[in-house]
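Here's the structure we're looking at; comments come further down.
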Amino acid sequence: MSNFNIGDIVQVPYKSGSYVGELVEERQDKYLIKVIAVLKHPMQGDLHHPKQVENVIFHERKALAQYEKVYVLKEIVQPYQDELIDYSTSLKEAVKIYREQLEAKESAYNKEALRALKSVEENYYLKHYY
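Numbering-wise (our numbering), the sequence shown opens with residue 371 and increments by one.
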């Protein structure tokens with residue numbers, strides 16, 4: 371486990387997404403991270419039954435919002451050394467990559483995930499970030 375300081379820019383996985391954030395607080399075995407950019411868009415669907423569409427509640431999952439704060443375990447925090455890009459640009463790129471992955475193979479999950487991703491884009495991202 372690396373030691374970080376308040377103000378450090380770090381990379382963290384959170385649920386099924388991945389983010390760049392600023393470390394704003396340390397508390398026992400966790401860091402509080404303020405989201406700056408999206409590296410990987412969260413998977414759509416039921417995280418407990420990944421890539422399944424039958425007999426599950428298929429959730430629409432948004433990326434964490436710009437400046438949203440989340441606690442993460444210290445052991446999963448990594449240094450971030452690439453160039454920073456703004457939240458909106460990073461979100462668009464993460465959505466584009468995820469969409470391309472889903473479009474690359476036709477399956478029931480991919481079809482439903484594309485529908486959910488489109489809904490998230492239209493109902494949330496277009497209003498706030500695009």
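Here a beta-carbon is modelled for each residue, glycine too, at the ideal position from N, C-alpha and C.
Handout entry: Contact under 7 Å by Cβ, Val390 with Tyr450
Key = Numbered from its first residue, the sequence shown carries residue 390 at position 20. Numbered from its first residue, the sequence shown carries residue 450 at position 80. Yes, they are a contact pair.
Handout entry: Limits of the alpha helix (DSSP H) - the one that Ile467 falls within
Key = What you label residue 467 is simply residue 97 of the sequence shown in a count that begins at 1. Counting along the chain, the unbroken alpha helix (DSSP H) around Ile467 starts and ends at Tyr457 to Glu473.
Practice task
Indicate the three-state DSSP secondary structure (helix, strand or coil) for Ser477 in the structure shown.
Solution key: Position 107 of the sequence shown, counting from 1, holds the residue named residue 477. Secondary structure of Ser477 (DSSP, three-state): coil.
Exercise for the section: Could you spell out where the beta strand (DSSP E) holding Ser388 opens and where it closes? Expected result: Residue mapping note: residue 388 aligns to position 18 of the sequence shown, counting from 1. For Ser388, the enclosing beta strand (DSSP E) has its first and last residue at Gly387 to Arg397.
Practice task
For the beta strand (DSSP E) holding Tyr401, just list the boundary residues, first then last.
Solution key: Your numbering for residue 401 matches position 31 in the sequence shown. Lys400 to Lys410 is the span of the beta strand (DSSP E), which, as asked, contains Tyr401.
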